[in-house]
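Colleague:
There are 2 protein chains.
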Amino acid sequence: MANETKNEAKRPSAETTEAWIGLMRARERVLARIEADFKAAGLPPLGWYDVLWELAQAEGGRLRPFEIEARTLLAQYNLSRLIDRLVKEGLVRREAFDADGRGQWVVITEAGRTMRERMWQTYGPSIEAHVGARLTEAEARQLAALLAKLR
Amino acid sequence: MANETKNEAKRPSAETTEAWIGLMRARERVLARIEADFKAAGLPPLGWYDVLWELAQAEGGRLRPFEIEARTLLAQYNLSRLIDRLVKEGLVRREAFDADGRGQWVVITEAGRTMRERMWQTYGPSIEAHVGARLTEAEARQLAALLAKLR
DNA sequence: GTAAGGTAGATGCATCTGCATGTATGTGGG
DNA sequence: CCCACATACATGCAGATGCATCTACCTTAC
Numbered sequence: 053m054a055n056e057t058k059n060e061a062k063r064p065s066a067e068t069t070e071a072w073i074g075l076m077r078a079r080e081r082v083l084a085r086i087e088a089d090f091k092a093a094g095l096p097p098l099g100w101y102d103v104l105w106e107l108a109q110a111e112g113g114r115l116r117p118f119e120i121e122a123r124t125l126l127a128q129y130n131l132s133r134l135i136d137r138l139v140k141e142g143l144v145r146r147e148a149f150d151a152d153g154r155g156q157w158v159v160i161t162e163a164g165r166t167m168r169e170r171m172w173q174t175y176g177p178s179i180e181a182h183v184g185a186r187l188t189e190a191e192a193r194q195l196a197a198l199l200a201k202l203r
Numbered sequence: 053m054a055n056e057t058k059n060e061a062k063r064p065s066a067e068t069t070e071a072w073i074g075l076m077r078a079r080e081r082v083l084a085r086i087e088a089d090f091k092a093a094g095l096p097p098l099g100w101y102d103v104l105w106e107l108a109q110a111e112g113g114r115l116r117p118f119e120i121e122a123r124t125l126l127a128q129y130n131l132s133r134l135i136d137r138l139v140k141e142g143l144v145r146r147e148a149f150d151a152d153g154r155g156q157w158v159v160i161t162e163a164g165r166t167m168r169e170r171m172w173q174t175y176g177p178s179i180e181a182h183v184g185a186r187l188t189e190a191e192a193r194q195l196a197a198l199l200a201k202l203r
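Those sequence lines, one after another, are chains A and B.
My numbering puts the first residue of the first sequence at 53, with every later residue one more than the last.
My numbering puts the first residue of the second sequence at 53, with every later residue one more than the last.
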């Protein structure tokens with residue numbers, strides 16, 4: 053190692069700190085507005101959307117729980133119980149995965165596809181209102197590119 | 053996420069949608085990394101930091117709960133209970149607010165100031181590592197500016 | 001003064017989350 | 001085959017959150 057005298061902890065620049073705080077605050081604010089729209093429309097929690105969307109996209113409308121986990125960043129134990137709730141609402145069903153006794157399929161039902169579409173009817177305009185309307189197209193593209201660097 | 057155009061409601065552009073998803077995912081990822089650092093350092097929840105910081109900044113090290121609420125975006129009922137926890141840990145104390153019998157002061161203690169500093173010793177480098185190191189200074193400034201438009 | 005309505009903050013309850021661990025099944029080395 | 005270890009998913013429990021509501025106090029209009 054080069055001549056680093058002291059392992060003094062590196063501190064963030066003002067720009068970095070403001071970017072981080074801005075990230076927390078912006079997502080907080082926008083999320084609150086979108087959730088308010090969801091609530092006003094009598095829709096289930098926003099978090100359900102991601103799972104339904106991933107399933108609707110997937111071939112055969114089915115994925116293994118660990119695949120959903122990777123796509124959505126949900127924690128394993130949270131996903132397990134979220135699936136329970138979706139099953140209870142009839143939006144997905146569990147099916148055996150024959151090639152591996154530990155595994156299972158999560159399959160979206162017709163009701164699940166319908167619900168996802170119904171949610172998008174609120175979600176889409178809500179994203180447009182609370183994000184799109186505040187940014188030009190170039191800015192949105194730029195923002196997405198910058199955020200992608202944080203992953 | 054694909055652009056869906058089905059009825060009259062205004063739909064977000066692909067750029068807008070990607071910005072929104074990027075916002076959710078980026079904060080998710082970065083937050084998980086920072087919280088892992090906190091946990092590794094045996095520190096209390098990250099959320100405590102904001103309250104302690106606001107109090108440490110404030111004149112006399114004291115604020116009214118509703119002032120903390122406005123500064124941190126915490127919900128009233130969450131803040132009420134968060135203060136309970138901070139009191140229990142001896143990091144803040146409640147004091148009567150004489151000019152209004154409904155109100156109270158929340159005052160940071162010496163232990164609270166010490167804890168905030170100790171948290172920053174982890175938090176600062178963590179922000180630098182997970183945000184600063186991934187962006188140039190110009191990018192960080194740009195990101196902060198774009199995020200500010202969403203509030 | 002007093003009734004009506006507003007604001008500050010707390011709290012009961014149901015739900016959700018994090019954490020640790022449990023159960024069941026798979027896999028690889030000897 | 002057997003044992004150790006890994007992977008897929010579930011779950012008990014404690015703590016956190018959202019929601020609605022409650023109490024207490026304040027302000028205004030009359």
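Even for Gly, the Cβ is constructed at its ideal location relative to N, Cα and C.
(1) Check the Cβ-Cβ distances between B:Arg81 and every residue of chain A, and say whether any is below 7 Å.
(2) Determine, using beta-carbon pairs with one atom in the region 167-178 of chain B and one in the region 88-101 of chain B, whether at least three such pairs fall under 8 Å.
(3) Mind pulling the chain B residues with CB within less than 7 Å of A:Met76?
(4) Against chain B, which members of the region 175-198 of chain A pass a CB distance test of less than 7 Å?
(5) In the region 92-114 of chain B, which residues sit with their C-beta less than 7 Å from some C-beta in chain A, listed in chain order?
(6) What are the boundary residues of the beta strand (DSSP E) that includes B:Val159?
(7) Give me whichever residues DSSP pairs with B:Glu147 in a beta bridge.
(8) Show which residues of chain B have a CB atom less than 7 Å away from the CB atom of A:Leu202.
(9) Pair every Cβ in the region 76-92 of chain A with every Cβ in the region 61-75 of chain B, then say whether three or more of these pairs are closer than 8 Å.
(10) B:Glu87 to A:Ile160, Cα distance in whole Å?
(11) Look up B:Leu126 in the DSSP assignment and say whether it is helix, strand or coil.
(12) Taking A:Thr69 as part of the alpha helix (DSSP H), name the residues at either end of that continuous run.
(13) Starting from B:Ser193, trace the alpha helix (DSSP H) both ways and give me its first and last residue.
Modeller: This is what the structure holds:
(1) The sequence position of residue 81 of chain B within the second sequence is 29, counting from 1. Yes, because at least one Cβ of chain A sits closer than 7 Å to the Cβ of B:Arg81.
(2) yes
(3) The count along the first sequence starts at 1 and reaches residue 76 of chain A at position 24. Neighbours of A:Met76 on chain B, chain order: Arg79.
(4) Gly176, Pro177, Ile179, Glu180, Val183, Gly184, Arg186, Leu187, Glu189, Glu191, Ala192, Arg193, Gln194, Leu195, Ala196, Leu198
(5) none
(6) As a working mapping, residue 159 of chain B is identified with position 107 in the second sequence. It spans 156-160 - the beta strand (DSSP E) in which B:Val159 sits, taken as one unbroken run.
(7) Residue 147 of chain B sits at position 95 when you count from the first residue of the second sequence. DSSP lists B:Trp157 as partners of B:Glu147.
(8) Counting from 1 along the first sequence, the entry for residue 202 of chain A is found at position 150. Within chain B, the residues near A:Leu202 are Ala78, Arg81, Val82, Val183, Arg186.
(9) yes
(10) The residue given as residue 87 of chain B occupies position 35 in the second sequence. The residue given as residue 160 of chain A occupies position 108 in the first sequence. Rounded to the nearest angstrom, the two C-alpha atoms are 33 Å apart.
(11) Sequence index remark: in the second sequence, residue 126 of chain B carries index 74 (1-based). It is coil, neither helix nor strand.
(12) Reading the first sequence from its first residue, position 17 is the one you call residue 69 of chain A. Per DSSP, A:Thr69 belongs to the alpha helix (DSSP H) from 66-92.
(13) Your numbering for residue 193 of chain B matches position 141 in the second sequence. It is worth fixing the name first, because residue 193 of chain B is Arg in this sequence and not Ser. Note, B:Arg193: alpha helix (DSSP H), 189-200.
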